[in-house]
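One structure is given below, encoded as structure tokens.
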Amino acid sequence: MSEELILQIQKKAGLTEVVSKYILLNNSRKVLKGRCPFHKDDTTSLMIMPESNIFKCFGCGAEGGPVDFVARIESVSREEVAGRMAKELGFTLNKFAQ
């Protein structure tokens, strides 16, 4: 799967909905906060920026989009996650095949 297709899927997938399947999020102005699942976290160091569809942890430095979050939390490849998300979003993958 091409990086271009993964980026298209990242743009279409809603990060807030994706992350909220794994952790509790709290509203804080224009960002959502939660405990980072990628390190021992007693504070809400994970920030979700819905407008830009990216996350960043100020504790461990993890960052990225919806595909990156799921790939990291499930310990699978970005391509595998992107393939699943593409199907959920209705992408036709064969026209993007390399």
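Read in order, the letters of the sequence shown correspond to residues 1 to 98 in UniProt numbering. Backbone N, C-alpha and C fix where the C-beta goes; we use that ideal spot for every residue, glycine too. Remember, it's a predicted structure, so these values are computed and weren't measured experimentally.
First and last residue of the uninterrupted alpha helix (DSSP H) at residue i
i	result
isoleucine 23	Unbroken run through isoleucine 23: none, as it is neither H nor E.
Residue i versus residue j: straight-line alpha-carbon distance, rounded
i	j	result
serine 2	threonine 43	36 Å
glycine 90	valine 18	16 Å
glycine 59	phenylalanine 69	15 Å
glutamate 80	glutamate 74	10 Å
Where the beta strand (DSSP E) containing residue i begins and where it ends
i	result
methionine 49	46-49
valine 31	31-34
Residue i CB to nearest heavy atom of the ligand ATP below 7 Å
i	result
leucine 25	The ligand ATP is not part of this structure, which contains no ligands at all.
Contact check, residue i vs residue j, beta carbons under 8 Å
i	j	result
valine 67	glutamine 8	no
threonine 16	proline 50	yes
isoleucine 48	glycine 64	no
asparagine 26	glycine 14	no
leucine 5	alanine 71	no
*Which runs of the alpha helix (DSSP H), 4 residues or longer, sit entirely within the segment 40-90?*
If we require 4 residues or more, the alpha helix (DSSP H) runs fully inside the segment 40-90 come out as 66-74 and 78-89.
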